[in-house]
Amino acid sequence: GGVTGPSLPEFQKHLQNGDLEAAYKVIDALLRAKPSSTELRTRAARLHLALCTAHAAQAKWDEAREDLLRGRALFPGDKTWQIRLKLLEQVKTLPKDQQGLWIALLG
Numbered sequence: 002g003g004v005t006g007p008s009l010p011e012f013q014k015h016l017q018n019g020d021l022e023a024a025y026k027v028i029d030a031l032l033r034a035k036p037s038s039t040e041l042r043t044r045a046a047r048l049h050l051a052l053c054t055a056h057a058a059q060a061k062w063d064e065a066r067e068d069l070l071r072g073r074a075l076f077p078g079d080k081t082w083q084i085r086l087k088l089l090e091q092v093k094t095l096p097k098d099q100q101g102l103w104i105a106l107l108g
């Protein structure tokens, strides 16, 4: 048998298992192969939101910001990404006990 590349079923499997980092690697490879695919871009954007939420919940603010920047790069005309970036900056300054509710709004 030949070697196969990343696939959407593999991406879905990683998502279902909660392995967002592995899912990111797969969707990144898929997007590099088909950068104009709206379906792949939409799936990647949703993944970036999930990653942002996970990173923010762990107070990994730089990683969360990068997730939002990657999502914005996929859909530069969508103003909600810029709003999420501003919200992230505000959430960072809140006391830890208040951050959780606002973090949920990022994704």
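With our numbering applied, the sequence shown has no gaps in its numbers, which climb one by one up to 108 at the end. C-beta atoms are modelled at their ideal positions from N, C-alpha and C, and glycine is treated no differently.
Contact between A57 and L107 is confirmed by a C-beta separation of about 6 Å, below the 8 Å threshold.
Under the 10 Å beta carbon count, L52 is surrounded by 16 or more other beta carbons and is classified as buried.
Contact between G6 and A30 holds, with the beta-carbon distance rounding to 7 Å and staying under 8 Å.
The Cβ neighbour count for R44, taken over all protein chains shown within 10 Å, is at least 16; the residue is labelled buried. Under the three-state reduction of DSSP output, P7 falls in the coil class, being neither helix nor strand.
Rounded to the nearest whole angstrom, the C-alpha separation of H15 and Y25 is 9 Å.
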